[in-house]
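To start, the structure under review is shown below, and the notes come after it.
This is the structure in structure tokens:
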């Protein structure tokens, strides 16, 4: 099996799995006052320190959550609510047009239900937000009316890395809190909260070798954020709910391990990725690499295959044991043209013929070889299927 | 063979998929996403309960142990089935969208795509028998679906597999339960799948808007009422006309003239049809059995087939019915059988009232022994 979908989820690191398994057998609610509770609390606080140290944050800033989607929801809605409560003029959210749905849909929900207004920050053809674009949007809207800015650290589909520090500096100049979804970045890019100057940062365990169900919102000490979950007041009164000790221990071990091995992993993975890109372009000469050619995630290779359907390519590769993604999935499994690719200016037909191959810490040359072996036949058959459908996928044939 | 199983999330297609695996085929399951709702959000409802059906289909594929994908054919379905359905009603005809879906979606869009992708056949859970290109009724007469498959050409049938035709629905449900398929007791689907609330008239009104017209009595020629749209009526309809008077003879819709919006009503006796003209005939064996032949003709899903004589013309077929059939609308399919074997089908383009003079075709050859029942 050639697993080329590490951006969806990456295998757990053995040391993280062992730490989770051991912690699962330790009884104790970190909120309890007795010895068992104190032991669990100690495990959580040590994990908080380890996560903070790995990403240049202070322990107090790390709010553990159930994962990336929850962290994004908490940052977007919580900061919006808190900022609007402090000044009712602050109703505008600025977010990039290529955000993950956890941000996009949170913003759209605020627009529909909470009187928010949104400005989607346009991107260039590589999917990059320019600091000048943010500056213009802030000046245009008037900084007094902006509740928050959200721009992801690196894009999950096309892998483009955003100039986060420069963007955060622009937001800071205007006195507006800046959130970044760094789910794809931590462990593979030099993510340092203090250096980047961001006010809030989303990370999650299962993208870097930890368990699913544990993540964090790194929230600056002075950033007000209204809670989504009310209850026992755990996690700085921002995220109530019994703290998931075992998963958090696994998150901490994985984050620490991934960050400390980062340079070695990145060198290996990016070399493999370059091999994959060169091989794909040799096998399918008219394939087009999407995203920033240089400033991209080391494990990401995203292609448009002209005349193909991404979902039939995926199926044909799956049948050959090669696992990848069209980059955008929804609950029914029906592929929609990716909003990321559309924002980058690709036409919807082009977007439909796209596939994402993403490598990670366990990837090897055999994975790339398996892809390159299966790809030409799959592309040929997929093209035939498009022609059989009359050229335009799903279009009328009459 | 590499076989694509079209799984709806219902019990029939799940068992058909499992039988294809048992038969030794390399099976891949696809669920067809057919409904589209432009107002829906990315993950929102897709018309009629499709997300739940997709989940059921996925679970069935898990249990059977085959890969599962969703194919989005919503645009094709909208163009070829939904818009056709609306246009047919607007033209005063009565379409059968299930038949149209088999013809244009399952055994055209899906089959063509499957073949291009390297599959050899498409398997579905239809209740009909198919062996060596011969399409026959299911052994379960109540569930027989040969009527809605009769529109398939010989080439389409050559790439189709219907593993359920030899089983009753009860046997299929029992087998599903024995196989651990949770859809074993899922209720059968009914009605038009894309009219989620079952209100076809309301659906057509939303699509076509008000198109007022008159109700005219066939015998007197007098206007007896007004309506908001001729598409709200079907041939043979009695209820909802507002014309029944105590002691009076019941009135039925006899004909629909869509341009002027005139709906003609009259006594039931005028509904009896003695012959139909079918356009676009499809011959299951590739060609008709003879220029003129005896057969059984069925004019609606689940209607009784009646003895008939079919005469093949240029691009059409005349079917003279030996027993009058009441309430035949244009747009319906006339399916011709030899006993339980499908010979072909055509779309009803015109009807001749029973008792009207019709030319008796000469030299009628029986399509097969015992064709015509008592």
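Protein chains in written order, with my numbering: chain A, 1 to 398; chain B, 1001 to 1374.
For glycine and all other residues, C-beta sits at the position ideal for the given N, C-alpha and C.
Check, Outcome
"The segment 345 to 361 of chain A touching the segment 1007 to 1015 of chain B, judged by at least three CB pairs closer than 8 Å", "no"
"Stretch pair the segment 1320 to 1340 of chain B + the segment 1220 to 1237 of chain B: three plus CB contacts closer than 8 Å", "yes"
"Status (buried if at least 16 other CB within 10 Å, exposed otherwise) for residue 195/A", "exposed"
"Interface partners of residue 311/A on chain B, CB under 9 Å", "1069, 1070, 1071, 1072"
"Beta-carbon neighbours of residue 384/A, restricted to chain B and to distances below 7 Å", "1116"
"C-beta contact flag for residue 294/A and residue 304/A at 8 Å", "no"
"8 Å Cβ cutoff, residue 1100/B in contact with chain A", "no"
"Under the three-state DSSP convention, the category residue 214/A falls into", "coil"
"6 Å CB neighbourhood of residue 3/A in its chain, flanking five on each side removed", "323"
"Cβ pair residue 151/A, residue 164/A closer than 8 Å", "yes"
"Residue ranges of each alpha helix (DSSP H) within the segment 42 to 74 of chain A, 4 or longer", "68 to 73"
"C-alpha distance - residue 125/A paired with residue 291/A, whole-angstrom precision", "8 Å"
"Close-in-space but distant-in-sequence residues of the same chain around residue 166/A (CB under 6 Å, 5 per side omitted)", "131"
"Within-8 Å CB hit, residue 1112/B to chain A", "yes"
"Same chain only: Cβ atoms within 7 Å of residue 1154/B, ignoring 5 sequence neighbours per side", "1133, 1284, 1285, 1286"
"With 16 other Cβ atoms within 10 Å as the buried cut-off, status of residue 1001/B", "exposed"
"Where residue 156/A falls, given that 16 or more other Cβ within 10 Å makes a residue buried", "buried"
"Runs of alpha helix (DSSP H) lying entirely within the segment 305 to 388 of chain A, each at least 4 residues, in chain order", "310 to 319, 339 to 343, 348 to 352, 365 to 388"
"Start and end residues, beta strand (DSSP E) containing residue 1200/B", "Note, residue 1200/B: premise wrong, no beta strand (DSSP E); alpha helix (DSSP H) at 1200 to 1208."
"Beta-carbon proximity check, residue 247/A vs residue 218/A, cutoff 8 Å", "no"
"Partner residues on chain B for residue 274/A, Cβ-Cβ distance less than 8 Å", "Simply none; closest approach about 30 Å."
"Where residue 1189/B falls, given that 16 or more other Cβ within 10 Å makes a residue buried", "exposed"
"Proximity below 8 Å, CB of residue 277/A to CB of residue 301/A", "yes"
"Secondary structure of residue 1003/B, DSSP reduced to three states", "strand"
"Contact set between residue 1121/B and chain A, taken where Cβ atoms lie within less than 9 Å", "Neighbours of residue 1121/B on chain A: none; closest Cβ ~15 Å, over 9 Å."
"Reduced DSSP secondary structure (H/G/I, E/B, other) of residue 153/A", "coil"
"At least 3 beta-carbon pairs within less than 8 Å: the segment 42 to 54 of chain A vs the segment 251 to 260 of chain A", "yes"
"Neighbour flag for residue 1018/B against chain A, beta carbons, 8 Å", "no"
"Member of 120/A, 7/A, 88/A, 80/A whose CA lies at the smallest distance from the CA of residue 68/A", "7/A"
"Buried versus exposed, by CB contacts within 10 Å (16 or more), residue 27/A", "exposed"
"Where residue 1345/B falls, given that 16 or more other Cβ within 10 Å makes a residue buried", "buried"
"Same chain only: Cβ atoms within 6 Å of residue 1410/B, ignoring 5 sequence neighbours per side", "Coverage of chain B is limited to positions 1001 through 1374, which leaves residue 1410/B absent and any answer about it impossible."
"Residue 1012/B (DSSP reduced to helix, strand or coil)", "helix"
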